[in-house]
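2 protein chains.
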Amino acid sequence: MLQTFVLFLHSVNTSVGAVGPNESGCGNAVKKNQKETIYDIAAKAGASASTVSAALNGTWEKRRISRATAERIIAIAREQGYSINLQARALRTSRSGLVALLVPEYNRFFSSIAQTFSDEVRARNQCPVIISTGRDTQKEHDTVTDLMSWSIDAIFFVGAVAPDELSRQCQSADIPHVFVDQPCDLAPSVVTDSRTGARILTREILSSMTHRGVRIGESPRDTIYFLGGDRRLPSTRNRVEGFSDAVYAHVGHLEPEQVIAETYDLDAATESIAALYRKMGGLPRGLFINSDSVFEGALRFLATLPEAELAECSMGCFDYEPLGQLLRFPVHMMRQRHKMLVQRAFTLLEDKSPPVTEMVQPELYPAPGSRDPEGRAFSR
Amino acid sequence: MLQTFVLFLHSVNTSVGAVGPNESGCGNAVKKNQKETIYDIAAKAGASASTVSAALNGTWEKRRISRATAERIIAIAREQGYSINLQARALRTSRSGLVALLVPEYNRFFSSIAQTFSDEVRARNQCPVIISTGRDTQKEHDTVTDLMSWSIDAIFFVGAVAPDELSRQCQSADIPHVFVDQPCDLAPSVVTDSRTGARILTREILSSMTHRGVRIGESPRDTIYFLGGDRRLPSTRNRVEGFSDAVYAHVGHLEPEQVIAETYDLDAATESIAALYRKMGGLPRGLFINSDSVFEGALRFLATLPEAELAECSMGCFDYEPLGQLLRFPVHMMRQRHKMLVQRAFTLLEDKSPPVTEMVQPELYPAPGSRDPEGRAFSR
DNA sequence: CCTCGGTGCACAATCGATGTTGCAAACATT
DNA sequence: AATGTTTGCAACATCGATTGTGCACCGAGG
Chain A
1 MLQTFVLFLH
11 SVNTSVGAVG
21 PNESGCGNAV
31 KKNQKETIYD
41 IAAKAGASAS
51 TVSAALNGTW
61 EKRRISRATA
71 ERIIAIAREQ
81 GYSINLQARA
91 LRTSRSGLVA
101 LLVPEYNRFF
111 SSIAQTFSDE
121 VRARNQCPVI
131 ISTGRDTQKE
141 HDTVTDLMSW
151 SIDAIFFVGA
161 VAPDELSRQC
171 QSADIPHVFV
181 DQPCDLAPSV
191 VTDSRTGARI
201 LTREILSSMT
211 HRGVRIGESP
221 RDTIYFLGGD
231 RRLPSTRNRV
241 EGFSDAVYAH
251 VGHLEPEQVI
261 AETYDLDAAT
271 ESIAALYRKM
281 GGLPRGLFIN
291 SDSVFEGALR
301 FLATLPEAEL
311 AECSMGCFDY
321 EPLGQLLRFP
331 VHMMRQRHKM
341 LVQRAFTLLE
351 DKSPPVTEMV
361 QPELYPAPGS
371 RDPEGRAFSR
Chain B
1001 MLQTFVLFLH
1011 SVNTSVGAVG
1021 PNESGCGNAV
1031 KKNQKETIYD
1041 IAAKAGASAS
1051 TVSAALNGTW
1061 EKRRISRATA
1071 ERIIAIAREQ
1081 GYSINLQARA
1091 LRTSRSGLVA
1101 LLVPEYNRFF
1111 SSIAQTFSDE
1121 VRARNQCPVI
1131 ISTGRDTQKE
1141 HDTVTDLMSW
1151 SIDAIFFVGA
1161 VAPDELSRQC
1171 QSADIPHVFV
1181 DQPCDLAPSV
1191 VTDSRTGARI
1201 LTREILSSMT
1211 HRGVRIGESP
1221 RDTIYFLGGD
1231 RRLPSTRNRV
1241 EGFSDAVYAH
1251 VGHLEPEQVI
1261 AETYDLDAAT
1271 ESIAALYRKM
1281 GGLPRGLFIN
1291 SDSVFEGALR
1301 FLATLPEAEL
1311 AECSMGCFDY
1321 EPLGQLLRFP
1331 VHMMRQRHKM
1341 LVQRAFTLLE
1351 DKSPPVTEMV
1361 QPELYPAPGS
1371 RDPEGRAFSR
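Top line first, the protein sequences correspond to chains A and B. Mapped onto our numbering, the consecutive letters of the first sequence carry residue numbers 1 to 380. Mapped onto our numbering, the consecutive letters of the second sequence carry residue numbers 1001 to 1380.
Next comes the structure, spelled out in structure tokens:
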């Protein structure tokens, strides 16, 4: 993960670790096992527990402990391999040093988020706790309840299903929190600008259809479909809107059936695209795929088709999948800036921001060999 | 994640949650914010704190509290939205209810492991803590030190770099632990049988080379290369051995330069394969890719080549990557059984197993259209 | 010599839950 | 009625760190 990962809240001094593989060279290694406390250290240093506490947690200057005493204590603690009991600290201070990240599941996007999150948390000398809630409202709620029992210091919600209720729950327990990739009216949020992103991606797909000579709207197959996601969720809704914007601007009309957005489920995606294929007797000429999991699901079906058929369909995926650019057919992708999302979220949290929603633009990764709207070939 | 996620250790009774969005309908919602304790509940129930404690944590029968009293207390706690302070419990009992998983990074394989791990932990009413240590010995050590401060109940190490030292560290603090995907002599371990797996995968690659008419060994390019991973790590070592076994059995000899295994780094993989290509004036006819990250790195270079060149190389990847089967060229894959790995690890831990190493066989996913050793076409 | 403002530290009260111990009352036994 | 034996619960010490308070001691100033 990151740097030294000192869990301790205050000063680096506290981390007096390095127990070493076993400093007792004596054959019958008497593990000085069970925990030493500040009282033990105090005894060995000829000081009081409170002095030891102050020395070790870095508050010794404020508490007017002499530098000499503090350093002596720190040295002893280090050599004894003392390790603080964080439950005791948390109980006393009612701050646990735990920061939670709730994600719907562990896919590529959320894993990236998790990685960045962990790094940031540990850079702050706190401990990241990452939990997935499977897009289930009840689990989200229960998880927060449980985190409260841990005196959690802050919670980051990613793609929460019921943000408002979660926010109320956190507020009632005074837990600082932010939402990522899913806006909430009641708390600060950082989201990808899905609507704009979807508009751009759709435009890209449409443009590549045009370049392939498709006359959009001429037949039912000569159009673009939106596949996957859950239209009850804002992110999907925004993407559908961006998609619609672009389609309207380019084509002038959009049939309801062109948007298939009931679920993020992988198998459902496989089935949807297969059904579409059967119904139309072939792939549509354009396809907007709503996320990497939907992408994977769709690919299960697409992989069964001959290449020639795939070549007839221009695709775009609202997510970045590195291997996606190496498929047997071109796919445009929108990459969410996960690092920026998380870092902005930290900023909002630390600034005790009011309930604003920050937008982060995703990046377009055009399919290799595709052309930009002006017709120049992209080079990546 | 999973089911109800009651963090509480003992009985379900303890979970008296469901604060509800706000049961105080009164306009000026006076958040009954700051925590209620068992003392408050005790006062309201006309009982003592110890009785409340017993009632709530399910030990009331043992403590000979009458059912009537217990149920009254539980009802009050529920209606007050009482939430236990787990730090206090952990301090008192010196069991935190936290179970940690240390992974090198968040890639697809480790994320799958993490998901299974989380589910299992939560099924046991404990709290999963997942931390990545970036394959850094020092970070591993420090992380364990910190986890000790949390009175962690158990640690799962996945792909640890220095297992022996970690095990000693855990032993000296009496922390139950297991190793996954990386054996340790001092503690129970569950690993993928890399050697056998690599042998099978290599055989598959060689056989597909043969079917393509390659006469192995005839020219420097008419052979198979091993790419990526860190030969200082047992998993890579075992894969190299399995690779060597198969090559020796099939070809009779193996040049040292056929094995490139210095690092898992993605960029290094890109560079390695590019260098190989330059040196030999083309791709080797066979390529064993050591992990999904190496795969991704290699693909960055491979994607720049014309398809005709890719078609000349038989590839195998020791990891499963769903999109890998949909590339413009066939790739055999070995899938590690992540779920089984984790579940076995739990079993070993719960049985307080001695330091044994359990092997789990990976599954071969042959490239679509490839043939098994007897020459029959695979059908998937 | 006596007070006064720093220093430098020890004491003791917390934080909230657990669990051992002990003590009433209720009931049973002879 | 006197003596066990349950039943049902309250008191209290405890886990280990933090922190408000107080009190010695020191040198300086009057």
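Ideal placement from N, C-alpha and C gives every residue a C-beta, glycine not left out.
Compare the C-beta of D1146/B against all C-beta atoms of chain A and say whether one is closer than 9 Å.
Here residue 1146/B refers to the residue found at position 146 when the second sequence is read from its first residue. True, the Cβ-Cβ gap to chain A drops below 9 Å.
If V1158/B sits next to D1181/B, beta carbons under 8 Å apart, how far is it from one beta carbon to the other, in whole angstroms?
Along the second sequence, read from residue 1 onward, the residue named residue 1158/B stands at position 158. Along the second sequence, read from residue 1 onward, the residue named residue 1181/B stands at position 181. Going by Cβ atoms, the distance from V1158/B to D1181/B rounds to 5 Å, so yes, they are a contact pair.
What number of angstroms, rounded off, separates the C-alpha of R1215/B from the C-alpha of E1105/B?
Position 215 of the second sequence, counting from 1, holds the residue named residue 1215/B. Position 105 of the second sequence, counting from 1, holds the residue named residue 1105/B. About 40 Å.
So with CB distances below 9 Å, who are the chain B contacts of L283/A?
Translated into positions along the first sequence, residue 283/A becomes position 283. None at all; the shortest Cβ gap to chain B is about 15 Å.
Measuring only the C-alpha atoms, how far is S1094/B from F156/A?
Here residue 1094/B refers to the residue found at position 94 when the second sequence is read from its first residue. Here residue 156/A refers to the residue found at position 156 when the first sequence is read from its first residue. Rounded to whole angstroms, S1094/B to F156/A spans 28 Å at the Cα level.
Indicate the three-state DSSP secondary structure (helix, strand or coil) for S112/A in the structure shown.
The residue given as residue 112/A occupies position 112 in the first sequence. S112/A falls in the helix class under three-state DSSP.
If G229/A sits next to R239/A, beta carbons under 8 Å apart, how far is it from one beta carbon to the other, in whole angstroms?
Looking up residue 229/A in the first sequence gives position 229. Looking up residue 239/A in the first sequence gives position 239. With 8 Å as the limit, G229/A and R239/A qualify as a contact, their Cβ atoms being about 7 Å apart.
Can you give me the C-alpha to C-alpha distance between S189/A and L1201/B, rounded to a whole angstrom?
Start at 1 with the first residue of the first sequence, and residue 189/A comes out as number 189. Start at 1 with the first residue of the second sequence, and residue 1201/B comes out as number 201. Cα-Cα distance, rounded: 47 Å.
Closest Cβ-Cβ distance between L348/A and chain B: below 9 Å?
The residue you call residue 348/A lines up with position 348 of the first sequence. For L348/A, the answer is no, since every Cβ of chain B falls outside 9 Å of its Cβ.
Report all residues from its chain with a CB closer than 6 Å to the CB of Q126/A; omit the five preceding and five following residues, and keep chain order.
Position 126 of the first sequence holds residue 126/A. So the qualifying residues of the chain are G97 and V99.
Return helix, strand or coil for N1028/B, following the three-state DSSP convention.
Locating residue 1028/B in the second sequence gives position 28, counting from the first residue. Because the pLDDT at N1028/B is just 34, under 50, the model does not fix this residue reliably, and the value given afterwards should be weighed accordingly. The answer is coil: DSSP assigns N1028/B none of H, G, I, E or B.
If contact is defined by three or more beta carbon pairs under 8 Å, each pair taking one atom from either stretch, is the stretch 327 to 335 of chain A in contact with the stretch 163 to 180 of chain A?
no
Which residues, taken in chain order from the stretch 1321 to 1341 of chain B, show a beta carbon closer than 8 Å to some beta carbon of chain A?
E1321, P1322, L1323, G1324, Q1325, L1326, L1327 and R1328
Count Cβ pairs between the stretch 1235 to 1255 of chain B and the stretch 1191 to 1199 of chain B that sit closer than 8 Å; are there 3 or more?
yes
Does the distance from the CB of L1287/B to the CB of M1334/B come in under 9 Å?
As a working mapping, residue 1287/B is identified with position 287 in the second sequence. As a working mapping, residue 1334/B is identified with position 334 in the second sequence. Taking 9 Å as the Cβ cut-off, L1287/B and M1334/B do not qualify as a contacting pair.
Measure from the alpha carbon of S1219/B to the alpha carbon of each residue in L1266/B, L1283/B and L1091/B, then state which is nearest.
In the second sequence, counting from the first residue as 1, residue 1219/B sits at position 219. Between S1219/B and the set L1266/B, L1283/B and L1091/B, the nearest pair of CA atoms involves L1283/B.
Identify, in the order they occur along the chain, each residue of the same chain with its Cβ nearer than 6 Å to the Cβ of A198/A, setting aside the five sequence neighbours on each side.
Your numbering for residue 198/A matches position 198 in the first sequence. Excluding residues within five positions, the ones whose Cβ falls inside 6 Å are R239, G242 and F243.
Please report the straight-line C-alpha distance between Q336/A and L348/A, rounded to a whole angstrom.
Working through the first sequence from its first residue, we reach residue 336/A at position 336. Working through the first sequence from its first residue, we reach residue 348/A at position 348. Those two C-alpha atoms are separated by around 19 Å.
Which residues in the same chain have their Cβ closer than 6 Å to the Cβ of Q361/A, if we skip the five residues on either side of it in sequence?
Residue numbering aside, residue 361/A sits at position 361 when the first sequence is read from its first letter. Same-chain partners within the cutoff: D193.
Which class does S314/A belong to by DSSP, given the choice of helix, strand or coil?
Within the first sequence, the letter at position 314 stands for residue 314/A. Residue state, collapsed to three classes: strand.
Counting only Cβ-Cβ distances shorter than 8 Å, please list the residues of the stretch 1113 to 1133 of chain B near chain A, keeping chain order.
A1114, Q1115, S1118, C1127, P1128, V1129, I1130, I1131, S1132 and T1133
Indicate the three-state DSSP secondary structure (helix, strand or coil) for P163/A in the structure shown.
As a first step, residue 163/A is located in the first sequence; it is residue number 163 there, counting from the start. Helix.
Spell out the partners DSSP gives E1358/B in its beta bridges.
For the purposes of this step, residue 1358/B is identified with residue 358 of the second sequence, where counting begins at 1. BP columns for E1358/B point to V1190/B.
What do you get for H253/A, buried or exposed, if any count of 16 or more other CB atoms within 10 angstroms of its CB means buried?
Walking along the first sequence from the start, residue 253/A turns up at place 253. Answer is exposed; the Cβ neighbour count stays below 16.
Rounded to a whole number of angstroms, what is the C-alpha to C-alpha distance between L1266/B and I1130/B?
Within the second sequence, residue 1266/B is the residue found at index 266, counting from 1. Within the second sequence, residue 1130/B is the residue found at index 130, counting from 1. Each residue's alpha carbon lies about 23 Å from the other.
Between the stretch 266 to 278 of chain A and the stretch 295 to 309 of chain A, are three or more C-beta pairs nearer than 8 Å?
yes
Within the continuous beta strand (DSSP E) that includes G286/A, where are the two ends?
Against the first sequence, residue 286/A aligns to sequence position 286. Run containing G286/A: G286 to I289, per the beta strand (DSSP E) assignment.
Between I1084/B and chain A, is the shortest Cβ-Cβ distance under 9 Å, so that the two count as touching?
Counting from one through the second sequence, the residue named residue 1084/B turns up at place 84. So, interface residue.
Just to make sure I have the definition right: I need the residues of chain A whose C-beta is within less than 9 Å of the C-beta of A1045/B. Which are they?
Reading the second sequence from its first residue, position 45 is the one you call residue 1045/B. Those within 9 Å of A1045/B in chain A number zero; the least Cβ separation is about 20 Å.
With burial defined as no fewer than 16 other Cβ atoms inside 10 Å of the residue's Cβ, what is the status of N28/A: buried or exposed?
What you label residue 28/A is simply residue 28 of the first sequence in a count that begins at 1. Any answer about N28/A is weak, because its pLDDT of 34 lies below 50 and its placement is not dependable; what the coordinates show is given next. Answer is exposed; the Cβ neighbour count stays below 16.
Chain A beta carbons: is any one of them nearer than 9 Å to that of Q1087/B?
Position 87 of the second sequence, counted from the first residue, corresponds to residue 1087/B. Chain A, which has a Cβ nearer than 9 Å to the Cβ of Q1087/B, makes this yes.
What does E1296/B reach in chain A if we use C-beta pairs closer than 8 Å?
Residue mapping note: residue 1296/B aligns to position 296 of the second sequence, counting from 1. Going along chain A in sequence order, the residues near E1296/B (Cβ under 8 Å) are P322 and L323.
Please report the straight-line C-alpha distance between F117/A and A1246/B, rounded to a whole angstrom.
Residue mapping note: residue 117/A aligns to position 117 of the first sequence, counting from 1. Residue mapping note: residue 1246/B aligns to position 246 of the second sequence, counting from 1. Distance between the alpha carbons of F117/A and A1246/B: 42 Å.
Once you ignore the five residues that flank T263/A on each side, which residues in its own chain have a CB closer than 6 Å to its CB?
Here residue 263/A refers to the residue found at position 263 of the first sequence. Contacts found: D230.
So, is H1177/B buried or exposed, given that buried needs 16 or more other C-beta atoms within 10 angstroms?
Here residue 1177/B refers to the residue found at position 177 when the second sequence is read from its first residue. So H1177/B counts as buried.
Write down the C-beta distance between A1049/B and I1073/B rounded to the nearest angstrom, noting that I regard them as a contact closer than 8 Å.
As a working mapping, residue 1049/B is identified with position 49 in the second sequence. As a working mapping, residue 1073/B is identified with position 73 in the second sequence. Going by Cβ atoms, the distance from A1049/B to I1073/B rounds to 11 Å, so no, they are not a contact pair.
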